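The structure appears right after this line, and notes come after that.
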Amino acid sequence: MTYVIRSVESEQELVRSFDVLGAQFPRPLTHQDRRFTDLARRFPQDRSMMLIAEDEEQVVGGALAFRAGEGGPSCDVTLRIIALLPEHRGKGLGRQLVECIEQEAARLGVRGIGLGADEAVGFYQHLGYRGKGGMYKALPLSSTHSDAHTRRRALEELRERREARLQQQ
Ligand SMILES: CC(C)(COP(=O)(O)OP(=O)(O)OC[C@H]1O[C@@H](n2cnc3c(N)ncnc32)[C@H](O)[C@@H]1OP(=O)(O)O)[C@@H](O)C(=O)NCCC(=O)NCCS
Numbered sequence: 014m015t016y017v018i019r020s021v022e023s024e025q026e027l028v029r030s031f032d033v034l035g036a037q038f039p040r041p042l043t044h045q046d047r048r049f050t051d052l053a054r055r056f057p058q059d060r061s062m063m064l065i066a067e068d069e070e071q072v073v074g075g076a077l078a079f080r081a082g083e084g085g086p087s088c089d090v091t092l093r094i095i096a097l098l099p100e101h102r103g104k105g106l107g108r109q110l111v112e113c114i115e116q117e118a119a120r121l122g123v124r125g126i127g128l129g130a131d132e133a134v135g136f137y138q139h140l141g142y143r144g145k146g147g148m149y150k151a152l153p154l155s156s157t158h159s160d161a162h163t164r165r166r167a168l169e170e171l172r173e174r175r176e177a178r179l180q181q182q
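This is the structure we're talking about:
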């Protein structure tokens, strides 16, 4: 089956999607849960990591993530919730969603992805996440990015010092 994976388009859609995903847990979550607040706050900057999967234009699952804190350089991403309707599980869609978030996070220069895995620990371990309770995966591209960032910053500092020297002369 081919799914369409796309970013959530509006805050209203974020609310509806969270409710669909939250309903898949033994103790259902809704957007009234405090865990929704961070997603809503970060929606304008991080909606590229708030993904839903559609089959024939119906939402069948999704994964919602955001950058921690204010999302500065070398921050982490929190994967807040991932869930699929039962008939769409076990077909590789969960992996696809996690990999899309990892790719986008790496593109943004994020260090790694953290999550609280009450359920599905085996799934996350299989995808390279480690830890108990709180699980984490460092992103391979992020060190390259931060090296590039450090080099760029060092060059800027050299240029600033040279300009300051020239002004003193
Ligand atoms: C957890 C969930 C998102 C996984 O999505 P999925 O589409 O069923 O998983 P996938 O088919 O993409 O599985 C990806 C890989 O993980 C493996 N895997 C899946 N569940 C696993 C488990 N419990 N233990 C070990 N490996 C597991 C699969 O065998 C597959 O391996 P492969 O890619 O090497 O063939 C989905 O089952 C779900 O919605 N569960 C209910 C909600 C939930 O528990 N969410 C997690 C909250 S922490």
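If you count by my numbering, then the sequence shown holds residues 14 to 182, one letter each, in order.
From the three backbone atoms N, C-alpha and C, an ideal C-beta is built for every residue, glycine too.
A quick note: this is a predicted structure, and the numbers were derived from the prediction, not measured.
Do the CB positions of residue i and residue j come within less than 9 Å of each other?
i	j	result
residue 123	residue 80	yes
residue 59	residue 78	yes
residue 199	residue 101	With the chain represented from 14 up to 182, any question about residue 199 goes unanswered, as that position is not in the structure.
residue 44	residue 21	no
Grab the span of the beta strand (DSSP E) containing residue i for me, first residue to last.
i	result
residue 66	63–68
residue 151	147–151
residue 29	Taken as a continuous stretch (DSSP letters only), residue 29 belongs to no beta strand (DSSP E), being part of the alpha helix (DSSP H) at 24–35.
Considering just the uninterrupted stretch of the alpha helix (DSSP H) at residue i, what are its terminal residues?
i	result
residue 50	48–59
residue 73	That residue, residue 73, is in no alpha helix (DSSP H); its beta strand (DSSP E) goes 71–80.
By Cβ distance, which residues of its chain are closer than 8 Å to residue i, with the 5 residues on each side in sequence left out?
i	result
residue 152	115, 118, 119, 123, 124, 125, 126
residue 143	149, 150
What are the residues that DSSP puts in a beta bridge with residue i?
i	result
residue 19	65
residue 119	Its beta-bridge partners do not exist; DSSP assigns none.
residue 127	91, 149
residue 179	Paired residue(s): none; residue 179 is not in a bridge.
With a threshold of 6 Å on Cβ separation, who are the neighbours of residue i within its own chain once the five nearest residues in sequence on each side are excluded?
i	result
residue 49	31
For residue i, which residues from the same chain have a beta carbon less than 7 Å from its beta carbon, with the 5 sequence-adjacent residues on both sides left out?
i	result
residue 129	146, 147
residue 134	none
Can you list, in chain order, every residue whose CB sits closer than 5 Å to a heavy atom of ligand 1?
Checking every Cβ against the heavy atoms of ligand 1 under 5 Å gives 37, 95, 96, 97, 102, 103, 105, 106, 107, 108, 130, 132, 133, 135, 136, 139.
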